[in-house]
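Chemist:
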């Protein structure tokens, strides 16, 4: 049956699997690109710091040479400060991130997503005003939207787990992220879904359906949740399947939104970072194949499967 | 102006302040009662383990002799297991907790609250079925409600921070807790609000107003959130005012529900537990006076204040 979707051969990466470079934290950009391509993946999500290490021009060339798609660029945001020099610096930095996203997405293989993931920031030092901080996120988006639109970049607001609400992201749920995105063109402002951050939310199915109706889903990231949490809760993520998250309903709900992009595995975990990158890539491919890939079947095409 | 509410004298505990015994983790029940009364507090929230240490009969006598009100009893719940011996054991244990709550509330001073706080439990071992676990919480409530009603005890479902969703409580928001309570008489099933668990939730004001309309607020607990979280995230709580929670709007919203009961300070924190109980009581009184008490003024009576 020519043209019908095929599951990849055993051991071959799923065609929609992307590795987020954070999963290969200790690997330089050139090595990450080379090893990811060698492992047979077709896409990668990049981070600003390793790009800055080699410089944008070199990064653009390296990504182009790798033959990989860019699935997302991490990250902008951190713009909850009140008006003043710190806020201006943050917004200028986001402007640079927008330009970098555009340049990299252009250099990546066909199907690259010019998506800048936004972690919005926590409470400013000394502040207890969550509502005010959230309002300033909306104002920052309003300021950046014209430049993102001009650059062809989509800003993707990422709700983070509520345990990061004070110091990382005052946006904790998909519902909040969608509320923030609402005033803007969905082609310019979308949302990032990460299973680690959102799996606990009973309202998630409703909000995923809403994300679909409103055309907001810009990036889908997967990793797993397991307790006890490690001493540093920033490093609490696991390979899909190694924890308690049920990837089936979540992934099917993501597909039902119409999201047709790459699916990133993004893991912050000290043990995984200490592992050899070749092994991390292999385990990423295998865990994705078992926990996520079985649900990555377009519901409209199930009938035509052999 | 006789009869108008008065702020307590400096150094005197606020009349609605209760200390939850968890804040005095290393102190026996007899010592906790004696020191709490000596510190001038009028109420205490008790825990089952220290009550079991002395036995219920002795605990009832000790509480009666102390002259303190019981503000709540911690804790029942942990009934997310599927049908089987483990679930039966959990439900039987909750039946005993209901009886203990009734006995203690009867022994406490006038104004004691026969409130059993329920931490519902996490995912059963090996399960990824959050929705199923939540459903079984509702079934457990249905089973316990007749016995709670007969004993004159109010079951108070406590939503816990989403970072405990997998191993402590599959109920993470006030909205979920209210949904679970809905089928039952509000005199028998209510909810517990703890600032530490809920402060991040943008939907909290809406759900607090709903809790008021539906007459569900059974207990109000305060402590503060601060990062970085300690290695054991169960011990991440702080004295009110030492973190980022804005107790003003929260406390006023709680009062607006009509809640007229005690306000418990419940802190799990290794450093505070290592401190002398007399000092913990003094710091509890002082921090409450600064961070919470200024907002504990019945809005209907503000006009009659001197």
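Residue numbers (this note's numbering), protein chains in the order written: chain P, 1 to 306; chain C, 1 to 306. Just so it is clear, CB atoms sit at the ideal spot from N, CA and C, and this is done for glycine as well. Given the structure is predicted, the values throughout are model-derived calculations rather than measurements.
1) Can you check whether the C-beta of residue 227/C is within less than 7 Å of a C-beta belonging to chain P?
2) Three-state secondary structure (DSSP) at residue 26/P?
3) With a floor of 4 residues, list each alpha helix (DSSP H) that falls wholly inside the stretch 188-235 of chain P, ordered by position along the chain.
4) As an exercise, report each continuous beta strand (DSSP E) stretch of at least 3 residues that is fully enclosed by the stretch 138-193 of chain P, in chain order.
5) What first and last residue would you give for the alpha helix (DSSP H) that runs through residue 64/P?
6) Here's the rule: buried if 16 or more other CB atoms are within 10 angstroms of the residue's CB, otherwise exposed. What is residue 264/C?
7) Please list the terminal residues of the continuous beta strand (DSSP E) segment that includes residue 278/P.
8) So with CB distances below 7 Å, who are the chain C contacts of residue 244/P?
9) Taking the alpha-carbon positions, what's the residue 200/P to residue 134/C distance?
10) Can you tell me whether residue 23/C is buried or exposed, with buried defined as 16 or more other CB within 10 angstroms of its CB?
11) Could you have a look at residue 100/C and say whether DSSP puts it in helix, strand or coil?
12) Quick test of your reading: residue 312/C and residue 30/C, contact by CB under 8 Å. State the CB separation rounded to the nearest angstrom.
13) Residue 116/P and residue 101/P look like a contact to me (Cβ under 8 Å); what is the Cβ gap, rounded to whole Å?
14) Any beta carbon of chain C sitting closer than 7 Å to that of residue 393/P?
15) Kindly give me the distance between the Cβ atoms of residue 67/C and residue 103/C, rounded to whole angstroms, as I take these residues to be in contact under 8 Å.
16) How many Å lie between residue 254/P and residue 53/C at the Cα?
17) Can you check which of these residues, 170/P, 195/P, 114/P, is closest to residue 128/P by C-alpha distance?
18) Going by alpha carbons, who is nearest to residue 41/P out of 204/P, 282/P, 241/P, 295/P?
19) Please state if the CB of residue 76/P and the CB of residue 97/P are separated by a distance shorter than 7 Å.
20) Suppose the cutoff is 8 Å on Cβ atoms and the five residues either side in sequence are ignored; what does the same chain contact list for residue 242/P look like?
21) How far does the beta strand (DSSP E) with residue 75/P in it extend, from its first residue to its last?
22) Return the Cβ separation of residue 123/P and residue 80/P in integer angstroms, given the expectation that the two are a contact with Cβ distance under 8 Å.
23) Let me know if residue 206/P comes out buried or exposed under the rule of 16 or more other beta-carbons within 10 Å of its beta-carbon.
24) For a test of the three-state rule: what should DSSP assign to residue 123/P, helix, strand or coil?
25) Tell me, to the nearest whole angstrom, how far the beta carbon of residue 157/C is from that of residue 187/C; I am working on the premise that it is less than 8 Å.
26) Suppose the cutoff is 7 Å on Cβ atoms and the five residues either side in sequence are ignored; what does the same chain contact list for residue 36/P look like?
Modeler: With the given structure in hand:
1) When Cβ-Cβ separations below 7 Å define contact, residue 227/C makes contact with chain P.
2) The answer is coil: DSSP assigns residue 26/P none of H, G, I, E or B.
3) You should have 195-198, 204-213.
4) Within the stretch 138-193 of chain P, the complete beta strand (DSSP E) runs of at least 3 residues are 154-157.
5) Run containing residue 64/P: 56-66, per the alpha helix (DSSP H) assignment.
6) Residue 264/C should be labelled buried.
7) Judged by DSSP secondary structure, residue 278/P falls outside any beta strand (DSSP E) and instead within the alpha helix (DSSP H) spanning 277-291.
8) Within chain C, 123, 128, 166 have C-beta atoms less than 7 Å from the C-beta of residue 244/P, given in sequence order.
9) In this structure, the alpha-carbon of residue 200/P lies about 11 Å from that of residue 134/C.
10) Buried, because 16 or more other Cβ atoms sit within 10 Å of the Cβ of residue 23/C.
11) In this structure, residue 100/C counts as helix in the three-state DSSP scheme.
12) Given a span of 1 to 306 for chain C in the structure shown, any question on residue 312/C remains unanswerable.
13) Between residue 101/P and residue 116/P the Cβ distance is about 4 Å, and since that is below 8 Å, they are a contact.
14) Nothing about residue 393/P can be reported from this structure: the residues present for chain P run from 1 to 306 only.
15) Approximately 17 Å separates the beta-carbon atoms of residue 67/C and residue 103/C; this is outside 8 Å, ruling out the contact.
16) Their backbone Cα atoms lie some 51 Å apart in a straight line.
17) Considering only alpha carbons, the answer is 170/P.
18) The candidate whose alpha carbon is nearest that of residue 41/P is 282/P.
19) Their beta carbons are under 7 Å apart, which means residue 97/P touches residue 76/P by this criterion.
20) Result list for residue 242/P: 224, 226, 287, in chain order.
21) In the DSSP assignment, residue 75/P falls within the beta strand (DSSP E) that extends over 69-77.
22) Confirmed, about 7 Å.
23) Under this definition residue 206/P is an exposed residue.
24) Residue state, collapsed to three classes: coil.
25) Between the beta-carbon of residue 157/C and that of residue 187/C there is about 14 Å, and that puts the pair past the 8 Å contact cut.
26) Excluding sequence neighbours, residue 36/P sits near 19, 44, 68, 281.
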